[in-house]
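Heads up: the sequence shown at position 43 corresponds to 325 in our numbering, and the numbers run straight through without jumps.
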Amino acid sequence: MPLLFNLRHLERQTVTLSGELPLSELDLDGIDELIHAKSPLQHDLVVERHERSVLVQGRLELKLDCECVRCLKRFEYRLTFDSWSCLVPLEGEDKVLISNDCVDLTPYVREDIVLAFPQHPLCEPECRGLPKPEIGKAKKGGSAGPIERPSAWAELDKLKLKRF
Ligand SMILES: [Zn+2]
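And the structure:
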């Protein structure tokens, strides 16, 4: 079931849309390879008719399965809009497509969800990432540096000694 409402039902009263929107309707796959939607979108919306538009307000919630960009651990990310609102124009250039008196809110919801996707998903803000053996080696090499330098000086001293 898409996220539809009938304009005729709005003529005298507001309409409440609450329930779940299947992921197949949202089509979120392939937007970000680190982020996958897990469960249907929970929505609890009130639709109100204005003169030239329709105002939709309410709550949206979607659970995402994310992969941490630093340590690759999978974790759940809850995307919540506690006071989502959207003005759907019924006239003008941006007017919504109306078919059989029905308006589909899915594109509006989808757009805001995609915009709210975490840009750099982290399992926790302080995630230090995977322990990298390369970095450990580099540190050892770094500490070995000062030891090598005196030996280089020693070599130089030997050359000097030979000269004298
Ligand atoms: Zn992490």
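C-beta atoms are modelled at their ideal positions from N, C-alpha and C, and glycine is treated no differently.
The model shown is predicted, which means the values in this text are computed figures rather than measured ones.
Cβ contact annotation for Asp314 (same chain, cutoff 7 Å, sequence separation greater than five): Phe399, in chain order.
With a cutoff of 7 Å on beta-carbon distance, Arg352 and Cys409 are scored as near each other. With 16 or more neighbouring CB atoms inside 10 Å of its own CB, Pro403 falls in the buried class.
Those residues that have a beta carbon less than 6 Å away from any non-hydrogen atom of ligand 1 are, in order along the chain, Cys350, Arg352, Cys353, Lys355, Leu404, Cys405, Cys409.
The beta carbon of Ala319 sits closer than 7 Å to the beta carbons of Leu305, Leu308, Leu310, Leu344, Leu346 from its chain, once the five residues preceding and following it are set aside; these are given in chain order. For His291, the three-state secondary structure derived from DSSP is helix. Glu358 and Val391 have their C-alpha atoms some 20 Å from each other. Note on the region 299 to 355: whole beta strand (DSSP E) runs with a minimum of 3 residues are 317 to 319, 323 to 331, 335 to 349, in chain order.
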